[in-house]
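Asks: My questions all concern the structure below.
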Amino acid sequence: MKMNILEKIVKQLKIDLQERKASLPIEIIKDNISFESESISLYDALSNDYLGIISEIKDTSPSKGKLMTENNFNKLANDYLNANVDAISIVTEKNYFNGTKNNIPRIKSFSNYNSTPILRKDFIVDEYQIYESKLINADAILLIASILNIDQLKLYSEIAYSLDLDVIIEVHNELELDQVLKIDPKIIGINNRDLSTFKVDLNTTLNMINKIPVSVIKISESGIYTSDDMSKLYQFGCNAVLIGESIITSINPYEKIKELRDYD
Numbered sequence: 125m126k127m128n129i130l131e132k133i134v135k136q137l138k139i140d141l142q143e144r145k146a147s148l149p150i151e152i153i154k155d156n157i158s159f160e161s162e163s164i165s166l167y168d169a170l171s172n173d174y175l176g177i178i179s180e181i182k183d184t185s186p187s188k189g190k191l192m193t194e195n196n197f198n199k200l201a202n203d204y205l206n207a208n209v210d211a212i213s214i215v216t217e218k219n220y221f222n223g224t225k226n227n228i229p230r231i232k233s234f235s236n237y238n239s240t241p242i243l244r245k246d247f248i249v250d251e252y253q254i255y256e257s258k259l260i261n262a263d264a265i266l267l268i269a270s271i272l273n274i275d276q277l278k279l280y281s282e283i284a285y286s287l288d289l290d291v292i293i294e295v296h297n298e299l300e301l302d303q304v305l306k307i308d309p310k311i312i313g314i315n316n317r318d319l320s321t322f323k324v325d326l327n328t329t330l331n332m333i334n335k336i337p338v339s340v341i342k343i344s345e346s347g348i349y350t351s352d353d354m355s356k357l358y359q360f361g362c363n364a365v366l367i368g369e370s371i372i373t374s375i376n377p378y379e380k381i382k383e384l385r386d387y388d
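Residues in the sequence shown are numbered consecutively from 125, following the numbering used here.
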């Protein structure tokens, strides 16, 4: 049977992980983790009475190809920081998204970095990646329900919390949501993109969000392009949106963020 994109990503990732573990064993990572500076709470950053924006830095998309030029990471990061977005998501998967872990400490070294939580966006399939996320000074990680079973989601969440990392658990359908709610997540992301086909439908969020308890931070991910989209999601009870392509590919990302915030 032909593998879909998600299966290909995970298969290659597991091969790469063996090399990374050999090159930098988890014991060494644990020994070098610093707790001197506290992580910045993503949960707190999104606990507002308005629709928060998590803006994403993503070099390449499997469905759209190259999104960023090599030299515009600095401009995009500065636009996000100057626009005072509520959090920044950095895609670190290298084979299909051309991401790099180095961009997380890189953005935190900017002179205008202002305690904005940084989410490491990747396909986490091993606890090694969680310790690695702490080592590179991420504030939060993403766990994807479609590639992890319920025991893994629970264990990996507990490991992350022990490292002072927040966790977004991502779901795409009601079956995944029903399972995830059993482990009392603090933050749920509803991905409007089907990761097996990369097709997007904003109704994915609208059809599921009322099943999530009020105490849980609710994020709508992908397919958000206009202030009308923002308004609709806010009215349905979303706490935040995660937006990548529509900002990254805009002529002026700073102005695009202002435009998105202008919702009723």
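Think of the CB as a built atom: it goes at the ideal place given N, C-alpha and C, for glycine as much as any other residue.
Would you kindly check if the distance between the Cβ of residue 357 and the Cβ of residue 329 is under 8 Å?
Replies: yes
Asks: Between which residues of its own chain and residue 154 is the CB-CB distance below 8 Å, once the five residues before and five after are set aside?
Replies: 255
Asks: Given that a residue counts as buried once 16 or more other Cβ atoms are within 10 Å of its Cβ, and exposed if not, what is residue 339?
Replies: Exposed, since its Cβ has fewer than 16 Cβ neighbours within 10 Å.
Asks: Between the region 340-356 and the region 375-388, do at least 3 Cβ pairs fall closer than 8 Å?
Replies: Contact check between the region 340-356 and the region 375-388: three or more CB pairs, one atom from each, fall below 8 Å, which counts as touching.
Asks: Buried or exposed for residue 227, please, with buried defined as at least 16 other CB atoms from any protein chain shown within 10 angstroms of its CB.
Replies: buried
Asks: Going by the CB atoms, is the gap between residue 259 and residue 269 shorter than 8 Å?
Replies: no
Asks: Suppose you measure from the CA of residue 244 to the CA of residue 388; what does that come to, to the nearest Å?
Replies: 30 Å
Asks: Have a look at residue 379 and residue 202 and give me their C-alpha separation to the nearest angstrom.
Replies: 13 Å
Asks: Which of the three DSSP states is assigned to residue 269 in this structure?
Replies: Coil.
Asks: Does the count of Cβ pairs from the region 233-248 and the region 159-166 closer than 8 Å reach three?
Replies: Counting Cβ pairs under 8 Å, three or more are found: they touch.
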